[in-house]
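Engineer: Submitted below is the structure of interest, expressed as structure tokens.
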Ligand SMILES: [Ca+2]
Ligand SMILES: [Ca+2]
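In the numbering used here, the protein residues as written are -1 to 264.
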């Protein structure tokens, strides 16, 4: 039998780490592992168009054509940050905070692609590839949005009732006019927050409109060159349909946009 003092010591052993938790948790607590395997990526254009038209007008087919064809790829296992990079962490590592909407827990935005690459490098990580990002965003499920198949209030930060843009989707309320503190909405199937909405996220790949038609079947890393970099996941400024895991968008890598941030992979 354990003596009472041993029980006390054992209890102290189990309780102490939580009381003495440092403000820098180990990497595994900040990241989720996405298993190696075959994954379906891409989306049907007509389905995307009808999904858009359920809640918004106008909707244009050309916005969604780059998500075709749906195809299967193989990915090695990787780690993904659970949160968009918040301003406090970015500023501490980079010595500046380019964000327009200021707040320690708000996601950094107005960050260039190169700055995102540099931040990830300094933290021993890298930007995810476009394919990794899409697979991670789906959370291991075949669903239209990161949370399921229907747009709902309280699942992601998009251009809702509070959003002061003329294309706001008034019938939904997420509570945020612009950016929300990272992790304000429930995680997806892999434990990742804000993969849909809040800020777009830069990924590693150059953008090519037809890339899903000719990408390699194993660990695709994008075209070898280009003018635009891919950003993913939609943001506070978008229709809900823009927050789907399969939505593909792009911008020049030196652009500073108040709706584009990033997260790192490893
Ligand atoms: Ca919003
Ligand atoms: Ca996001």
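Built from N, CA and C at the ideal position, the CB exists for glycine as well. Note that the coordinates shown come from a computational prediction; the quantities given were computed from them, not determined experimentally.
1. I'd like to know whether the C-beta atoms of residue 218 and residue 204 end up nearer to each other than 7 angstroms.
2. Using 10 angstroms around the beta-carbon of residue 85, count the other beta-carbons present and answer buried if the total reaches 16, otherwise exposed.
3. Quick check on this structure: which residue in 144, 151, 224 has the alpha carbon closest to the alpha carbon of residue 186?
4. According to DSSP, is residue 165 helix, strand or coil?
5. Alpha carbons only, please: which of 170, 104, 231, 253 is nearest the one belonging to residue 180?
6. Please confirm whether any heavy atom of ligand 1 lies closer than 6 angstroms to the CB of residue 145.
7. For residue 60, does the three-state DSSP call read helix, strand or coil?
8. For the stretch 128 to 145 and the stretch 201 to 215, state whether three or more C-beta atom pairs, one from each stretch, are separated by less than 8 angstroms.
9. Reducing DSSP to helix, strand and coil, say where residue 24 ends up.
10. Identify whether residue 72 lies in helix, strand or coil by the three-state DSSP scheme.
11. Is residue 56 buried or exposed, if buried means 16 or more other CB atoms sit within 10 Å of its CB?
Structural biologist: Walking through what the data contain:
1. No, the pair does not count as a contact, with Cβ atoms beyond the cut-off.
2. Burial call: buried.
3. Minimum Cα distance to residue 186 is reached at 144.
4. Coil, per DSSP.
5. When each option's Cα is compared against that of residue 180, the closest is 104.
6. No - ligand 1 has no heavy atom lying nearer than 6 angstroms to the Cβ of residue 145.
7. Three-state DSSP puts residue 60 in a helix.
8. Segments in contact, yes.
9. Here the model assigns residue 24 a pLDDT of 48, short of 50, so the residue's position is not dependable and the matter cannot be decided.
10. DSSP, read as helix, strand or coil, puts residue 72 in strand.
11. Exposed: under 16 other Cβ atoms inside 10 Å.
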